[in-house]
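Only one structure is covered here, and it is reproduced in the block below.
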Amino acid sequence: MDANIEIIEFTRPVSNCKNLYISGLQTSDLSITQIMSKLYDVFSQYGLVYEVQVFQGKGSARQPTDANSYYAFVKFYSYFAAQRAKAGLCRCLKIGSQLCKVAFATRNKETETGQTLYVSKCQELANFYLGFNGWSSTIKRMEEDKDAVAHNPSEAPQIRFFCVVELSFPKQGVTTQGLGAWEEVYSRQDPSSKATAILKARKRSHQRAMEHAFSKVLLVVLGNGKVSVEINTTKRDTLTDMQVAILAEEQVLKVNELNEEPQPEDTDEFHMDGTQDLDDANLHILQELGDSFS
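Under UniProt numbering, the first residue of the sequence shown is numbered 1, with each subsequent residue one higher.
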C-alpha cells in the first residue's frame with residue numbers, strides 16, 4: 001500500500017502503530033484524571049484521539065513505587081496522526097516536573113481485529129473526517145418481532161425490535177445499510193414497564209443498526225488530508241427480508257450471551273423511577289418512524 005494512503009475502519013484501534021506510550025510522567029500536583037485531560041488536550045492537536053489511559057508507575061525490587069510517577073497510553077484512530085504526535089512531542093512534552101518520553105507502544109500481543117465502535121464514537125469519527133454534512137442516516141425499517149413474546153405465563157414477557165438504517169455519503173455517492181436488534185423483558189405487574197421496554201428496545205436496535213452500518217465503511221485518508229469513502233464489499237450490504245431475519249436473530253443471541261449490557265453512551269438515559277426522558281436522539285428516531293409509516 002502507498003505510504004501516503006491510510007485506511008481507517010470504524011473499529012477500536014488496536015495496532016501498536018496507532019498507540020503511543022508516554023513515560024517519565026512525574027507530578028505531585030495532578031490527579032490521574034487531570035493528567036488524562038492534559039494529555040488529551042495536547043495530543044488532540046495532532047488528530048482525533050480514541051482513548052487516553054494513565055497508570056501509576058510500577059516499582060521494582062531495587063526501586064520502590066513512586067506515588068508521583070505515572071505512565072500513559074494515547075490511542076489514535078490514525079497512524080498518520082500518531083506519527084505526527086510522536087514527531088512533534090518527542091523530547092518536548094512536559095507534564096509535571098520533567099520532560100516525558102513519547103514512543104510507539106510495543107505490546108507483544110496485538111488483537112488481530114478491533115471491536116466495532118459504539119455509535120457515539122462512530123459519529124465522532126465520521127464528523128471529524130467528513131464534517132457534519134458529509135454523511136446522513138435514515139431509518140428504513142423499524143419493526144417489532146412478535147415471535148419474541150413469551151407464551152409460557154411463568155416466563156417474563158419480552159419485547160424485541162429490529163431496525164434497518166441506511167448511511168449515505170453524498171459527496172462520494174455511496175450508501176450502505178446496517179441492521180440492529182434488541183430484546184427487553186418487562187413486568188406484567190408494572191403498567192409503565194412495557195412502555196419503557198419498547199422505547200429502550202427501539203433505541204438500542206437503532207444504535208446497533210448504526211454500528212453495523214458503520215462497520216462496513218472505510219475512510220481512505222491521503223497524506224495531503226483529503227478523505228474519500230469506500231464500502232467494504234466483503235460484508236453484506238443491501239439486506240433482503242431473509243437476511244434481516246437471520247441477522248436480527250444473530251444479534252439477539254449475542255446480546256443474550258453477554259453477562260451484562262454493553263456500556264451505553266448515555267448512562268443517564270433511564271431514571272430510577274423507570275421513566276425516560278425523550279432526548280434529541282429519541283425525538284429524531286420517533287420523528288423518522290412517523291415519517292416512514294405515515
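Beta carbons are placed, not taken as given, at the ideal position from N, Cα and C, and that holds for glycine.
On a predicted model such as this, the values are computed, not experimentally measured, just so you know.
Compute the Euclidean distance between the alpha carbons of residue i and residue j, then round it to the nearest angstrom.
i           : j      : result
residue 312 : Lys146 : It is not possible to answer for residue 312, since the shown part of the chain is limited to 1 through 294.
Tyr129      : Trp135 : 10 Å
Leu20       : Lys75  : 6 Å
residue 312 : Cys122 : Since the first residue of the chain shown is 1 and the last is 294, residue 312 is not available in this structure.
Gly47       : Ser78  : 8 Å
Ser168      : Glu183 : 27 Å
Val14       : Ala156 : 40 Å
Val102      : Cys90  : 5 Å
Ile8        : Ala105 : 19 Å
Thr33       : Ile95  : 13 Å
Ala82       : Gly114 : 17 Å
Asp227      : Lys18  : First, the residue type needs correcting, since residue 227 is Val and not Asp in the sequence shown. Looking at the two C-alpha atoms, the distance is approximately 18 Å.
Asp29       : Val42  : 18 Å
Val52       : Ser69  : 17 Å
Ile198      : Lys140 : 18 Å
His212      : Lys235 : 10 Å
Glu124      : Val185 : 31 Å
Phe73       : Lys38  : 13 Å
Val49       : Thr175 : 26 Å
Pro170      : Lys216 : 16 Å
Ala31       : Leu25  : Reading off the sequence shown, one finds Ser at residue 31, where the question assumed Ala. When rounded, the distance between both Cα atoms is 12 Å.
Gly225      : Thr233 : 24 Å
Gly223      : Asp190 : 58 Å
Glu143      : Lys194 : 16 Å
Lys203      : Ser44  : 31 Å
So for residue i, helix, strand or coil by DSSP?
i      : result
Leu93  : coil
Cys17  : helix
Glu155 : coil
Cys122 : helix
Thr233 : coil
Ser31  : coil
Phe132 : coil
Gly225 : coil
Gly88  : helix
Ser69  : strand
Asn4   : coil
Ala103 : strand
Leu48  : coil
Gln53  : strand
Phe10  : coil
Pro205 : First, the residue type needs correcting, since residue 205 is Ser and not Pro in the sequence shown. DSSP places Ser205 in helix when its eight states are reduced to three.
Ser192 : helix
Ser215 : coil
Gln115 : coil
Lys140 : strand
Lys75  : strand
Ser187 : coil
Gln98  : coil
Gln83  : helix
Using the Cβ count rule (16 or more neighbours within 10 Å means buried), how would you classify residue i?
i      : result
Asn4   : exposed
Phe55  : exposed
Phe132 : exposed
Arg208 : buried
Ala87  : exposed
Arg154 : One point to set straight first is that residue 154 is Ser, not Arg, in the sequence displayed. Flag for Ser154 reads exposed.
Gly180 : buried
Ala67  : exposed
Arg188 : exposed
Ser192 : exposed
I'd like to check one pair, residue j with residue i: are the Cβ atoms closer than 9 Å?
i      : j      : result
Thr27  : Leu117 : no
Leu219 : Ile231 : no
Met210 : Val119 : yes
Ser23  : Cys100 : yes
Arg107 : Asn16  : yes
Ile159 : Ala201 : yes
Gln177 : Val229 : no
Phe161 : Ser205 : yes
Glu166 : Thr196 : no
Could you give the C-beta distance for residue i and residue j, rounded to a whole number, given that I count them as a contact under 8 Å?
i      : j     : result
Tyr71  : Gly57 : 6 Å
Val164 : Glu6  : Rounded, the Cβ-Cβ distance is 30 Å, inconsistent with contact.
Would residue i count as contacting chain C if we go by Cβ distances under 9 Å?
i     : result
Val14 : Note that chain C does not occur in the displayed structure, where there is just one protein chain.
Quick check: does the Cβ of residue i come within less than 8 Å of any heavy atom belonging to the ligand ATP?
i      : result
Ala201 : Absence of the ligand ATP from the depicted structure is noted, as is the absence of any ligand whatsoever, leaving it without description.
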